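Q: If you're matching them up, the sequences are chains A and B in order.
For the first sequence, the residue numbers in the working numbering are 6 to 467.
For the second sequence, the residue numbers in the working numbering are 233 to 661.
Just so it is clear, CB atoms sit at the ideal spot from N, CA and C, and this is done for glycine as well.
Values in this document were obtained by computation on a predicted structure and should not be read as measured data.
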Amino acid sequence: MTKSMKDLLRSALERSNAEYCEIRVEETEQVSIGFRGKDIDQVSESISAGGNVRALVNGGWGFVSFNRLDDLERKVEEACAQARVLGDILRKEIRLYPVEPVEDEVPGVFGTPAFSVPLSEKVNLLGKYNELALSQPEITSTSVRYFDRHTHLHFANSEGTYIYQEKMDLGGSVAAVATRGSLTTQEFAKFGSNSDYKVALGLEEKIVRAAAAARDMLYAPVVKADEYTVVLSPEMAGLFVHEAFGHLSEADSLDENERMKELLKVGTRYGPEDLDIFDSGIEGGNRGEAKYDDEGVPMQKTYLIKGGVVVGHLHCRESAMKMGEEPTGNARALNYRFPPIVRMRTTCIAPGKHSLEDMLKDISLGVYVDGGYGGETNGEMFTFTASRCNMIRGGAIAEPVRDVSLTGNVFTTLRNIDMIGSDFGIHNSSGGCGKGSQSPLPTADGSPHIRIQRVVVGGERK
Amino acid sequence: MMHKALKQAASAGADATVTFHESRKVELSFEFNRLKGIQNTESLSLTAQAIKDGRLGVAFSTKAGAEADVLERAMRLAEYGAPAPYSFPAPAPSTKPAVYSEEIASLRLEKMLEVGEDLSGFLKTLHPEVNGSVGVSKTTFREGIANTKGLEASWDRTVLSILAAAELVEGQNMVQLWDFHVSTGLDVDVERMKREIQARFELARKNVRIETGTYPVLFTPMAFRDLVSPVLACLNGKAVTRGISPLAGRLGEQVFSPRLTVLEDGLMPGGLGSRMYDAQGVACRRTSLIEKGVLSEYLLDLETAHKLGRDPIGTGGVSGIEPGNLVVEGGSQSKDDLLSGVKRGIMIESTMGAWAGNPYSGQVSGNIAMGFLIEDGKLVGRVKDCMFSVNVFKHLKDHLVALSREARNFGITLPYALVENVSVTAKSG
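#1: Would you call the CB atoms of Glu529 (chain B) and Thr536 (chain B) closer than 8 Å?
#2: Name the DSSP beta bridge partners of Arg437 (chain B), please?
#3: Determine whether the Cβ of Ala601 (chain B) lies closer than 8 Å to any Cβ atom of chain A.
#4: For Ile346 (chain A), return the contacting residues in chain B, with the cut-off set at a CB-CB distance below 8 Å.
#5: Run through the DSSP bridge pairs and tell me what Thr583 (chain B) is partnered with.
#6: For Gly334 (chain A), return the contacting residues in chain B, with the cut-off set at a CB-CB distance below 8 Å.
#7: Could you check if His235 (chain B) is buried or exposed, using at least 16 other CB atoms within 10 Å of its CB as the buried criterion?
#8: Pull the bridge partners of Val391 (chain B) from the DSSP assignment, please.
#9: Curious, which full-length beta strand (DSSP E) runs of at least 3 residues does the region 253-330 of chain A contain?
#10: CB Thr351 (chain A) to CB Gly439 (chain A), shorter than 8 Å?
#11: Beta carbon of Arg491 (chain B), beta carbon of Leu632 (chain B): below 8 Å?
#12: Pull up the distance between the alpha-carbon of Val271 (chain A) and that of Ile168 (chain A), whole angstroms please.
#13: Please state whether DSSP places Thr7 (chain A) in a helix, a strand or coil.
#14: Give the single residue among A:Ile28, A:Gly293 and A:Ala391 whose Cα lies nearest to the Cα of Asn433 (chain A).
#15: Does Phe120 (chain A) come out as helix, strand or coil in the three-state DSSP assignment?
#16: Look at Val415 (chain A) and Leu237 (chain A) and say whether their C-beta atoms are less than 8 Å apart.
#17: Between Leu483 (chain B) and Gly525 (chain B), what straight-line distance do the alpha-carbon atoms span, to the nearest angstrom?
#18: Under 8 Å between the Cβ atoms of Leu450 (chain B) and Ile553 (chain B)?
#19: Is it the case that the Cβ atoms of Leu260 (chain B) and Met344 (chain B) are separated by a distance below 8 Å?
#20: Look at the Cβ atom of Leu91 (chain A), then the Cβ atom of Leu267 (chain B), and state whether they are nearer than 8 Å.
#21: For the region 583-597 of chain B against the region 401-420 of chain B, do three or more pairs of beta-carbon atoms, one drawn from each stretch, fall closer than 8 Å, so that the two count as touching?
#22: Starting from Gln404 (chain B), find everything on chain D with Cβ-Cβ shorter than 9 Å and list it in chain order.
#23: Can at least three beta-carbon pairs, one atom from the region 112-131 of chain A and one from the region 169-178 of chain A, be found at a separation below 8 Å?
#24: Roughly how many whole angstroms lie between the Cα atoms of Ala601 (chain B) and Ala219 (chain A)?
#25: Can you give the Cα-Cα distance for Thr7 (chain A) and Arg427 (chain B), rounded to whole angstroms?
#26: Could you give the residue range of the beta strand (DSSP E) that holds His253 (chain B)?
#27: Can you give me, in chain order, the residues of the region 576-590 of chain B that have a beta carbon less than 7 Å from any beta carbon in chain A?
#28: If you draw a straight line from the alpha carbon of Ser383 (chain B) to that of Ala515 (chain B), how long is it in whole angstroms?
#29: Are the CB atoms of Asn335 (chain A) and Arg348 (chain A) within a distance shorter than 8 Å?
#30: Mind listing which residues of the region 82-106 of chain A have their C-beta closer than 9 Å to chain B's C-betas, in chain order?
#31: Are any of the Cβ atoms in chain B nearer than 8 Å to that of Arg264 (chain A)?
#32: Going by the DSSP bridge assignment, what does Arg637 (chain B) pair with across the sheet?
#33: Using CA coordinates, which residue listed in A:Ala355, A:His320, A:Cys321 and A:Met328 is at the minimum distance from Lys311 (chain A)?
#34: With three or more beta-carbon pairs closer than 8 Å as the criterion, would you say the region 224-243 of chain A touches the region 364-371 of chain B?
#35: Using a Cβ-Cβ cut-off of less than 7 Å, give me the residues of the region 26-46 of chain A that come near chain B, in sequence order.
#36: Compute the Euclidean distance between the alpha carbons of Ser572 (chain B) and Glu496 (chain B), then round it to the nearest angstrom.
The structure is reproduced here in structure tokens:
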């Protein structure tokens with residue numbers, strides 16, 4: 006199949022009269038399993054097959070996506086014709102950063118491939134997790150979600166590149182839900198991987214901890230709204246760096262925006278001297294990592310901030326050319342229905358030298374934030390919501406508080422990071438990142454504990 | 233094809249439903265004040281749900297002509313699936329909703345380009361350094377359903393969508409303003425979009441400080457969605473039957489302000505979610521969910537209707553509840569009247585992160601991404617770097633002052649809402 010697909014794509018590309026043209030063909034099989042409360046909620050399978058053609062003429066991009074793969078030649082012609090309509094209006098030169106054409110076949114290197122595990126085994130495992138969560142004190146309901154995907158992806162372009170990649174993606178969460186009167190709280194045990202079903206195994210301890218946290222939240226007051234010194238757990242700091250700096254480093258929103266380019270200029274200081282931030286597609290095992298991105302550029306580890314100073318950006322070939330920097334392998338598409346745009350992979354704050362005790366000891370009143378629902382940024386400001394928090398009093402973690410949301414200005418908040426921990430960890434979950442209409446794209450985050458001064462925490466007034 | 237496959241499923245002892253969804257979308261995008269790309273998306277999907285031996289299996293495919301395959305897989309998966317102590321309904325009469333426009337279906341690319349150029353040109357006039365983005369798209373849908381009880385129906389829908397956004401970066405201050413239009417017909421008023429953006433652009437560049445405290449807040453329809461979302465999550469039959477919704481067991485009770493009426497109308501003319509039947513084959517209809525603050529119905533599918541002993545209302549989906557069109561009814565005052573009645577407060581136009589959180593606690597906290605200070609009924613400048621917090625069970629019961637008569641429809645139809653006593657936390661110094 007692989008060989009014939011290569012020939013098929015190459016012969017279709019011969020119809021291109023564009024400056025650049027690429028085809029992507031993808032087939033994905035997915036299994037989804039869910040439990041809600043004591044019952045299994047859904048078991049489903051899906052087969053998704055389709056492709057797209059993207060063409061560039063005189064600065065205009067044409068893009069066609071489709072499910073029927075029987076007439077690729079016509080799709081190439083259609084995308085080129087569209088690009089020409091735009092190109093005739095624009096008459097602009099857009100060049101892509103030159104990359105060496107590649108011919109490569111990348112079969113998946115998997116620990117335990119999820120697609121080889123029988124459905125009955127997966128259903129049993131999740132059923133056991135569900136029962137465990139339900140058996141915990143004061144847990145009244147659950148929501149268990151699991152999916153795995155197996156993808157065959159073929160990519161070819163008019164420069165001679167042909168790449169086949171076999172990919173896997175899996176993720177899930179077990180939510181323990183506690184209820185008291187009209188108040189419901191929940192906490193999650195999450196997992197995810199791009200290569201090994203084994204991450205779904207042995208979650209018992211995590212589930213028991215999640216159930217205990219949900220129960221604690223039942224009796225916790227809503228946090229008092231104020232400005233606090235906060236200590237973020239590695240998981241929350243990962244979410245923070247994704248929202249607060251990762252999105253800002255995506256060069257497709259900088260390359261034609263002079264003011265933004267100026268703000269993110271290499272050499273600008275945004276954090277303390279021990280702050281390093283990187284985005285990587287090669288850490289190994291994390292959702293969203295692969296050998297090549299969706300323009301056929303090898304993924305790599307890209308430093309965004311070193312020693313508190315901007316050193317790089319995340320690029321596709323077009324943004325790299327416009328900004329005169331090397332492409333970084335960050336052009337990613339949610340699936341064949343979308344063109345690749347600049348996206349993160351595994352985004353991390355590198356470990357520092359402090360212990361959690363160091364961070365806590367001189368905080369008289371602060372908030373310890375752990376367990377995230379999610380976050381968002383608009384470039385200037387970021388926000389995220391935590392599911393599990395405690396007050397910090399007199400240098401120690403104290404009583405739990407609930408419904409904690411944090412916000413801040415991206416630039417000032419990075420400057421307000423004053424301690425970086427040594428306990429680095431990468432976190433995968435079943436969620437993903439959203440940009441434009443492409444969501445949820447698998448990504449991962451990593452960080453140690455970090456401490457930030459003067460963060461606005463929303464909540465109830467006294 | 234579909235008939236034969238369903239017949240085979242029935243003879244294999246399955247109670248089965250197949251739905252299909254085909255769409256063609258043409259989309260133009262403008263970025264950084266210039267034309268950027270054209271996208272054509274053709275998409276099709278088939279879904280089979282099969283109840284066999286009291287359990288439900290579900291399968292999806294994007295392959296044309298895969299009816300027999302998806303049904304076969306759904307039947308096989310039923311062994312592991314959810315208990316299904318209900319059956320798919322026999323055909324009940326329904327009507328084709330008025331959601332198809334030949335004018336949109338035949339809208340030419342040149343016309344779309346013209347609209348896009350016009351808006352893109354307008355955005356440039358706001359400020360020499362503004363980064364203007366515009367999206368213009370048209371989509372035609374064909375959807376349908378058939379089941380082993382003899383139901384067979386299909387319907388068409390068109391959607392026109394226009395988005396205009398302006399971004400200005402001045403130092404570390406960013407202004408992002410946008411407006412949109414989305415409809416099933418060609419009744420677009422581009423001039424209104426321009427006026428909406430123009431009216432707020434200069435104000436948005438002028439930052440004003442506020443103190444932490446409680447304020448009356450006028451939520452625009454987009455921002456009001458953040459308050460309505462947790463209510464909808466709690467109306468969801470799945471949350472009710474799991475006992476995690478605080479609205480469980482409270483039908484007939486006054487749970488919100490008498491000013492709040494929420495309904496579901498799957499047949500609404502011009503509704504972006506209108507359809508003849510839901511994904512389980514139940515005929516769509518209009519149902520009041522909250523009537524003058526009194527809880528009158530939940531969002532139900534076959535499973536939750538069965539568990540709660542109620543009739544389904546046409547909001548069943550394949551993977552959970554899928555409402556057609558939700559509507560929060562407006563009040564009698566205009567939004568300008570609401571604004572002019574505020575002595576000192578905030579108008580929140582867009583938020584960030586307010587969707588994240590535990591919907592069942594009713595607590596909503598978010599960053600005020602675009603908000604304006606109101607003084608003596610007038611917008612005086614932008615407030616930023618602050619968070620708002622409300623509890624919808626408290627605020628939509630005790631602090632809902634009024635809803636405007638104007639409403640926006642973006643899949644859900646919402647008015648402007650004036651809510652008092654909203655907690656706002658501002659950054660000091």
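A: Based on what the coordinates show:
#1: Here residue 529 (chain B) refers to the residue found at position 297 of the second sequence. Here residue 536 (chain B) refers to the residue found at position 304 of the second sequence. No, these two residues do not count as a Cβ contact at 8 Å.
#2: In the second sequence, the residue the question calls residue 437 (chain B) occupies position 205. Arg437 (chain B) is not bridged to any residue.
#3: In the second sequence, residue 601 (chain B) corresponds to position 369, counting from 1. It does; some Cβ of chain A falls within 8 Å.
#4: Here the question's residue 346 (chain A) lines up with position 341 in the first sequence. Within 8 Å Cβ-Cβ: nothing; Ile346 (chain A) doesn't reach chain B, min ~11 Å.
#5: Along the second sequence, read from residue 1 onward, the residue named residue 583 (chain B) stands at position 351. Answer is B:Ile600, bridged to Thr583 (chain B).
#6: What you label residue 334 (chain A) is simply residue 329 of the first sequence in a count that begins at 1. Near Gly334 (chain A) there are no residues of chain B at all, since even the closest Cβ is about 22 Å away, more than 8 Å.
#7: As a first step, residue 235 (chain B) is located in the second sequence; it is residue number 3 there, counting from the start. Under this definition His235 (chain B) is an exposed residue.
#8: Here residue 391 (chain B) refers to the residue found at position 159 of the second sequence. Bridge partners of Val391 (chain B): B:Thr371.
#9: 282-285 and 306-311
#10: As a working mapping, residue 351 (chain A) is identified with position 346 in the first sequence. As a working mapping, residue 439 (chain A) is identified with position 434 in the first sequence. No, these two residues do not count as a Cβ contact at 8 Å.
#11: As a working mapping, residue 491 (chain B) is identified with position 259 in the second sequence. As a working mapping, residue 632 (chain B) is identified with position 400 in the second sequence. Yes. Within cutoff.
#12: Taking the first sequence and counting its residues from 1, the one referred to as residue 271 (chain A) is at position 266. Taking the first sequence and counting its residues from 1, the one referred to as residue 168 (chain A) is at position 163. Computed Cα separation, rounded: 33 Å.
#13: Locating residue 7 (chain A) in the first sequence gives position 2, where the first residue counts as 1. At Thr7 (chain A) the pLDDT is 49, less than 50, meaning the model places this residue with poor confidence and gives no usable figure here.
#14: Position 428 of the first sequence, counting from 1, holds the residue named residue 433 (chain A). Comparing Cα positions, the closest option is A:Gly293.
#15: Reading the first sequence from its first residue, position 115 is the one you call residue 120 (chain A). Phe120 (chain A): helix per DSSP, three-state reduction.
#16: Taking the first residue of the first sequence as position 1, residue 415 (chain A) is located at position 410. Taking the first residue of the first sequence as position 1, residue 237 (chain A) is located at position 232. Not in contact: Val415 (chain A) and Leu237 (chain A) (Cβ atoms no closer than 8 Å).
#17: Position 251 of the second sequence holds residue 483 (chain B). Position 293 of the second sequence holds residue 525 (chain B). One C-alpha to the other measures close to 11 Å.
#18: On the second sequence, residue 450 (chain B) is found 218 positions in, with the first residue counted as 1. On the second sequence, residue 553 (chain B) is found 321 positions in, with the first residue counted as 1. Against a cut-off of 8 Å, the Cβ pair of Ile553 (chain B) and Leu450 (chain B) comes out as no contact.
#19: Reading the second sequence from its first residue, position 28 is the one you call residue 260 (chain B). Reading the second sequence from its first residue, position 112 is the one you call residue 344 (chain B). It is a contact, given that the beta carbons lie within the stated cut-off.
#20: Counted from its first residue, the first sequence places residue 91 (chain A) at position 86. Counted from its first residue, the second sequence places residue 267 (chain B) at position 35. The answer is yes: Cβ separation under 8 Å.
#21: no
#22: In summary, chain D is missing from the structure at hand, where the protein chains are A and B.
#23: yes
#24: The residue given as residue 601 (chain B) occupies position 369 in the second sequence. The residue given as residue 219 (chain A) occupies position 214 in the first sequence. The alpha-carbon atoms of Ala601 (chain B) and Ala219 (chain A) are separated by roughly 30 Å.
#25: Looking up residue 7 (chain A) in the first sequence gives position 2. Looking up residue 427 (chain B) in the second sequence gives position 195. Unreliable positioning characterises Thr7 (chain A) in this predicted model, as indicated by a pLDDT of 49, which lies under 50. The coordinate reading is nonetheless provided below. When rounded, the distance between both Cα atoms is 55 Å.
#26: Residue numbering aside, residue 253 (chain B) sits at position 21 when the second sequence is read from its first letter. Note, His253 (chain B): beta strand (DSSP E), Asp247 to Glu263.
#27: Met584, Gly585, Ala588, Gly589 and Asn590
#28: Locating residue 383 (chain B) in the second sequence gives position 151, where the first residue counts as 1. Locating residue 515 (chain B) in the second sequence gives position 283, where the first residue counts as 1. Inspection of the sequence shows that residue 383 (chain B) is occupied by Leu rather than by Ser. So the two alpha carbons sit approximately 10 Å from each other.
#29: As a first step, residue 348 (chain A) must be located in the first sequence, where it is residue number 343. As a first step, residue 335 (chain A) must be located in the first sequence, where it is residue number 330. Closer than 8 Å, so yes.
#30: Glu83, Ala84, Gln87, Ala88, Val90, Leu91, Ile94, Leu95 and Lys97
#31: Taking the first residue of the first sequence as 1, we reach residue 264 (chain A) at position 259. Chain B contact via Cβ: present.
#32: On the second sequence, position 405 is the one that residue 637 (chain B) refers to. Partner(s): none; Arg637 (chain B) has no beta bridge.
#33: Numbered from 1 along the first sequence, position 306 holds the residue referred to as residue 311 (chain A). The shortest Cα separation from Lys311 (chain A) among A:Ala355, A:His320, A:Cys321 and A:Met328 belongs to A:Ala355.
#34: no
#35: Arg41, Gly42, Asp44, Ile45 and Asp46
#36: Walking along the second sequence from the start, residue 572 (chain B) turns up at place 340. Walking along the second sequence from the start, residue 496 (chain B) turns up at place 264. Each residue's alpha carbon lies about 31 Å from the other.
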